[in-house]
Amino acid sequence: MSQPADPADYKLHQPLLARRTSKRWLISAILTTAIVALPVLSVLYLAFFPEENIWPHLVNTTLPRYLTTTFELMVGVIAITLAVGVSSAWLITMCDFPGRRFFEWAMLLPFAVPAYVIAYVYTNLLDYAGPVQIALRELFGWTSAQDYWFPEIRSLGGATVMIGLVLYPYVYLLARAAFLEQSPSLFSVSRSLGHSALSTFFRVVLPIARPAIAVGLSLVLMETLNDFGTVDFFAVQTLTAGLFDTWMNMGNLGGAAQIATTMLSFVVILVTLERYSRRKQSQFATRDNREPIQRFTLSRKRQWFCVIVCALPFLLGFVIPALSLAYYAWEYFDESWNPTFLQNTLNSLLLSGTAALTTLLIGVTLAYSRRLHNTQGMQVLMRLSSLGYAMPGAVLAVGVIIPLAGFDNWLDDWMRQLFGISTGLLLSGSTFALVFAYTVRFLAVSAGSVESALQKITPSMDMASRSLGHSPGGTLIRVHLPMLRGTLLTAALVVFVDCMKELPATLILRPFNFDTLATYVYQFASDEQLAHSALPALIIVMAGIVPIILMSRSIGNTRSVA
Amino acid sequence: MQIKHVAAALAVASALPLSAHGADEVNIYSYRQANLLQPLLNAFTEETGIETNVVFAKNGLAERLEREGRNSPADVVMTVDISRLNDLVERGLTQPLENDVLEQNIPENLRHPEGKWYALTTRGRMIYASVDRVADGEITSYEELADPKWEGRICTRSGKHPYNIALFSSMIAHHGEEEAQAWLAGLQNNLARKPQGGDRDQIKAIAEGVCDLSIGNSYYYGKMLADESQRPAAEQVRIVFPNAEGRGTHINISGIALTNSSPNRENAIKLMEFLSQEKAQQIYAEANTEYPANPDIQPSGIVASWGEMHPDSLSLQQIAENREAAVRMVDRVDYDN
Numbered sequence: 006m007s008q009p010a011d012p013a014d015y016k017l018h019q020p021l022l023a024r025r026t027s028k029r030w031l032i033s034a035i036l037t038t039a040i041v042a043l044p045v046l047s048v049l050y051l052a053f054f055p056e057e058n059i060w061p062h063l064v065n066t067t068l069p070r071y072l073t074t075t076f077e078l079m080v081g082v083i084a085i086t087l088a089v090g091v092s093s094a095w096l097i098t099m100c101d102f103p104g105r106r107f108f109e110w111a112m113l114l115p116f117a118v119p120a121y122v123i124a125y126v127y128t129n130l131l132d133y134a135g136p137v138q139i140a141l142r143e144l145f146g147w148t149s150a151q152d153y154w155f156p157e158i159r160s161l162g163g164a165t166v167m168i169g170l171v172l173y174p175y176v177y178l179l180a181r182a183a184f185l186e187q188s189p190s191l192f193s194v195s196r197s198l199g200h201s202a203l204s205t206f207f208r209v210v211l212p213i214a215r216p217a218i219a220v221g222l223s224l225v226l227m228e229t230l231n232d233f234g235t236v237d238f239f240a241v242q243t244l245t246a247g248l249f250d251t252w253m254n255m256g257n258l259g260g261a262a263q264i265a266t267t268m269l270s271f272v273v274i275l276v277t278l279e280r281y282s283r284r285k286q287s288q289f290a291t292r293d294n295r296e297p298i299q300r301f302t303l304s305r306k307r308q309w310f311c312v313i314v315c316a317l318p319f320l321l322g323f324v325i326p327a328l329s330l331a332y333y334a335w336e337y338f339d340e341s342w343n344p345t346f347l348q349n350t351l352n353s354l355l356l357s358g359t360a361a362l363t364t365l366l367i368g369v370t371l372a373y374s375r376r377l378h379n380t381q382g383m384q385v386l387m388r389l390s391s392l393g394y395a396m397p398g399a400v401l402a403v404g405v406i407i408p409l410a411g412f413d414n415w416l417d418d419w420m421r422q423l424f425g426i427s428t429g430l431l432l433s434g435s436t437f438a439l440v441f442a443y444t445v446r447f448l449a450v451s452a453g454s455v456e457s458a459l460q461k462i463t464p465s466m467d468m469a470s471r472s473l474g475h476s477p478g479g480t481l482i483r484v485h486l487p488m489l490r491g492t493l494l495t496a497a498l499v500v501f502v503d504c505m506k507e508l509p510a511t512l513i514l515r516p517f518n519f520d521t522l523a524t525y526v527y528q529f530a531s532d533e534q535l536a537h538s539a540l541p542a543l544i545i546v547m548a549g550i551v552p553i554i555l556m557s558r559s560i561g562n563t564r565s566v567a
Numbered sequence: 028m029q030i031k032h033v034a035a036a037l038a039v040a041s042a043l044p045l046s047a048h049g050a051d052e053v054n055i056y057s058y059r060q061a062n063l064l065q066p067l068l069n070a071f072t073e074e075t076g077i078e079t080n081v082v083f084a085k086n087g088l089a090e091r092l093e094r095e096g097r098n099s100p101a102d103v104v105m106t107v108d109i110s111r112l113n114d115l116v117e118r119g120l121t122q123p124l125e126n127d128v129l130e131q132n133i134p135e136n137l138r139h140p141e142g143k144w145y146a147l148t149t150r151g152r153m154i155y156a157s158v159d160r161v162a163d164g165e166i167t168s169y170e171e172l173a174d175p176k177w178e179g180r181i182c183t184r185s186g187k188h189p190y191n192i193a194l195f196s197s198m199i200a201h202h203g204e205e206e207a208q209a210w211l212a213g214l215q216n217n218l219a220r221k222p223q224g225g226d227r228d229q230i231k232a233i234a235e236g237v238c239d240l241s242i243g244n245s246y247y248y249g250k251m252l253a254d255e256s257q258r259p260a261a262e263q264v265r266i267v268f269p270n271a272e273g274r275g276t277h278i279n280i281s282g283i284a285l286t287n288s289s290p291n292r293e294n295a296i297k298l299m300e301f302l303s304q305e306k307a308q309q310i311y312a313e314a315n316t317e318y319p320a321n322p323d324i325q326p327s328g329i330v331a332s333w334g335e336m337h338p339d340s341l342s343l344q345q346i347a348e349n350r351e352a353a354v355r356m357v358d359r360v361d362y363d364n
């Protein structure tokens, strides 16, 4: 039973709801966060016990370069993802050009290509012994590498382009959703006040879409920062390279944890700054979804421009890698198509599916608890539960082992003392450890999108439902979840695709004789035999396509278009 | 929210193979790719009926073993590079093993004094030289790599790679830190390009004319010769045994260690014995073109055709102990820049 609320009194709704809500949501949110935060906290704990202080040596030698390289890589990737993601999203939303409907979903496809796979593929294509340089040499009669200049793919520039190509879909996805949600009348008003289309874009459209784009960029940033496969392969010396050097070569896990923590703090500071900088900007859901978007009709020349803007990243980020994998997969098909391959495919699908659902469930719990109890504390909990995303996978894996093995051994001790039975390792070294690791890693993706979607549902919905006698849980199931169907689907699918690609944590945590497609591909690719694992690599990419198409449709459905 | 579906998926996932449980098995944590081990493990299972279970990862397995503690399922750790084996020993994760078969098959300098690890193969860190552009005998030692006459003519992989670190450790052991650093700076000065790629990539770079000299492990060259698509590149390159006239060529090992917590100790010991014996040592020699640790087994025909290797007698333990000094030296010289 809710007290009658004055409709003008929206700002007071949160405490009102909280007062009438049992503590069970709050407590489950706290418990969930506590469990999910354990791996990150374990890494923080490690950071307090380094073998020795690594910083004086680092500062005197390689740290400045690690920092510069990391900074350059991040700026480059942000520039690429921002330029490609935002411009294509805007053109596809607002302009009519040939292939527009196709690009609507096709722009997302590079998301399905793991960064390490695209790096291997382009190295195969572009290095000296690859088809491109062979063709050039034949064409011009060159005989050795001394005769001509060719851009070095294994470089900072190469890594920036590779990572940018597979990560821009994050920005595209969120920017497009934001553009679709904007009321077209805002655009018309700006135009009628004398602004050009371009000026309107920068003064009205972009500022309104900024929160969404910022979320996309922060995902890009975190993925870039914790990428190891690509930078290692390209010999690009980022902070991650320093982290692994400290860990593996100096045997200083604590020091490595300190570097990881530093990187984590950097991300947290950046995200906080972004939020702070738009603290005074508040947006209200004044949109009307039934008002259709009037797309621009463009001149022929401009239409071609749109096609090129969209086709280029799609070709480079998806078509070329996929075709090249398909070629090798075909050549080595008989060798690759075996029971192991099928088992690995099944492993990948089941694991990723389970992890996507778990992550969604926890994401909804956290986001809804925050809606019910909108306190500073809840905000901190939300942020804390998302930190796993900003940590290199291998480091996070060690963070996962610590609490799981700790629990296993504690339980084992206890059972031995009490009943004389040994339970051994129950959780660590099992598929549970993998699902747990994926959840910790990708919770940021699902919790974040559910949270932002929930915020857009007006609190009067909750009030109506609650005053009609529904419990908070009942309200969630009958009111919110049906409204959030599109968001939930998207969140689950993004996590699914991410899990299919996940490599470093899977390698360390998996059970005996257990491979996913990603670990199987890595085993060959790391031995310079990509061709032998092209089929599983192709399957990772293909498995991403279906979810991506579904995802794109669920976004497109949010608005009818004239 | 369709809770039923979630529950069903969770149930399916928990039915995935958790860990293989059976009486006759041995569990392996491996830093080497599982497909490299498979022929050896298949031969082992065929002979003994003992099943093998493997987890392969490039890092993190020692941490996993450590945290799993006495309940860890792992029986043995298989790895390359002496420093990695030494890490396991220093963390107290391995147990000493006195065993007649192993002690007979593996020479004393290739095993831990208390049997906390045993080498299975050795590999020399060779100089690769261009057949066309480097005359026979023009380079004969690691020291000469720092000679300014090679300026802009040498390629290597990252100075931080364990194989290079081990070589640099041995330079520190022989010349002291100061002299070794001067040598490394000289070598860096001679580089034709920023260190990158693996050892095979350096052979390719010589074939492509990017550089004339490189350093790399013996078996990469052997494996490239054996692979039809890579043979043309390898044929552009000659292998030189460095310091053959003097202290000998720097070697590193791949090896195996029995874990402290090994639940299937007897089977693990059988595996270790098997890997030191003729059949397994021959597979290592033939399929992987490594030098067998067991002196009774000859290297493969290809490897033997390069001539006899005279290994540096420096103790592996000392190489492991100099690792950190070598890493810091690489940073100070800024080798990878």
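Here the protein sequences come in this chain order: A and B. Everything in the first sequence is counted per the working numbering, starting at 6 for the first residue and increasing by one. Everything in the second sequence is counted per the working numbering, starting at 28 for the first residue and increasing by one. Ideal Cβ placement from N, Cα and C applies to all residues, glycine included.
query                                                                                                                                                                                      : result
So, are the CB atoms of L226 (chain A) and M79 (chain A) less than 8 Å apart?                                                                                                              : yes
To the nearest angstrom, how far is the alpha carbon of H475 (chain A) from that of L377 (chain A)?                                                                                        : 14 Å
Here's the rule: buried if 16 or more other CB atoms are within 10 angstroms of the residue's CB, otherwise exposed. What is Q215 (chain B)?                                               : buried
Pull out every residue of the region 423-437 of chain A whose Cβ sits closer than 8 Å to any Cβ of chain B, in chain order.                                                                : S427, G429, L430, S433, G434, S435, T436 and F437
With 8 Å as the threshold, decide whether the Cβ of F54 (chain A) is near any Cβ in chain B.                                                                                               : no
Any idea if P175 (chain B) is buried or exposed, counting beta-carbon neighbours within 10 angstroms, 16 or more meaning buried?                                                           : exposed
Please report how far the alpha carbon of P487 (chain A) lies from the alpha carbon of I462 (chain A), in whole angstroms.                                                                 : 12 Å
What ranges does the alpha helix (DSSP H) occupy inside the region 46-131 of chain B, keeping only unbroken runs of at least 4 residues that lie completely in it?                         : 61-75, 88-95 and 109-117
Please classify T291 (chain A) as buried or exposed, where buried requires at least 16 neighbouring CB atoms within 10 angstroms.                                                          : At T291 (chain A) the pLDDT is 49, less than 50, meaning the model places this residue with poor confidence and gives no usable figure here.
Just checking: is the beta-carbon of R292 (chain A) within a distance shorter than 8 Å of some beta-carbon in chain B?                                                                     : Residue placement at R292 (chain A) is poorly supported in this model, since its pLDDT is 49, which falls under 50; the coordinates still yield a value, given next. With 8 Å as the cut-off, R292 (chain A) does not count as an interface residue toward chain B.
Pull out every residue of the region 132-155 of chain A whose Cβ sits closer than 7 Å to any Cβ of chain B, in chain order.                                                                : Y133, A134, S149, A150 and Q151
Which residue comes first and which comes last in the alpha helix (DSSP H) that contains M153 (chain B)?                                                                                   : From DSSP, M153 (chain B) is part of no alpha helix (DSSP H) but of the beta strand (DSSP E) over Y145 to S157.
Answer yes if the region 81-93 of chain B comes into contact with the region 260-275 of chain B, meaning at least three C-beta pairs across the two stretches below 8 Å, and no otherwise. : no
With DSSP as the reference, label T276 (chain B) as helix, strand or coil.                                                                                                                 : strand
Could you spell out the range, first to last residue, of the beta strand (DSSP E) harbouring R265 (chain B)?                                                                               : V264 to V267
Helix, strand or coil for S281 (chain B) per DSSP?                                                                                                                                         : strand
What's the C-alpha gap between H337 (chain B) and A234 (chain B)?                                                                                                                          : 27 Å
Between A:A316, A:D101 and A:V526, which lies nearest to L330 (chain A) when the distance is taken from Cα to Cα?                                                                          : A:V526
Would you say A84 (chain B) reaches chain A, if we count a Cβ-Cβ gap shorter than 8 Å as a contact?                                                                                        : yes
Could you pull the start and end residues of the beta strand (DSSP E) that L240 (chain B) belongs to?                                                                                      : L240 to N244
Tell me the DSSP bridge mates of L218 (chain B)?                                                                                                                                           : B:I181
What is the rounded straight-line gap between the Cα of K506 (chain A) and the Cα of L448 (chain A)?                                                                                       : 16 Å
Say whether chain B places a C-beta atom closer than 8 Å to the C-beta of A331 (chain A).                                                                                                  : no
Taking the beta carbon of W342 (chain A) as the centre, do at least 16 other beta carbons fall within 10 Å, making it buried, or is it exposed?                                            : exposed
Can you give me the C-alpha to C-alpha distance between S196 (chain B) and V236 (chain A), rounded to a whole angstrom?                                                                    : 26 Å
By how many angstroms is the C-alpha of S160 (chain A) removed from the C-alpha of H48 (chain B)?                                                                                          : Low confidence applies here, because H48 (chain B) scores a pLDDT of 48, under 50, leaving its location unreliable and the question unanswered by this model.
Give a yes or no on whether the minimum CB-CB distance between G213 (chain B) and chain A is below 8 Å.                                                                                    : no
Could you tell me which residues DSSP pairs with P338 (chain B) in its beta bridges?                                                                                                       : B:T276
With DSSP as the reference, label I133 (chain B) as helix, strand or coil.                                                                                                                 : coil
If you run the structure through DSSP and keep just helix, strand and coil, what is P319 (chain B)?                                                                                        : strand
Using the Cα positions of F184 (chain A) and V369 (chain A), report the straight-line distance between them to the nearest angstrom.                                                       : 25 Å
So the alpha helix (DSSP H) D237 (chain A) belongs to, where does it begin and stop?                                                                                                       : G234 to F238
Around the C-beta of R375 (chain A), are 16 or more other C-beta atoms found within 10 angstroms, so that it is buried, or is it exposed?                                                  : buried
Name the residues in the region 146-177 of chain B whose C-beta lies less than 9 Å from a C-beta of chain A; which are they?                                                               : none
Is the beta carbon of V116 (chain B) less than 8 Å from the beta carbon of H139 (chain B)?                                                                                                 : yes
Using the three-state DSSP reduction, which class does D101 (chain A) fall into: helix, strand or coil?                                                                                    : strand
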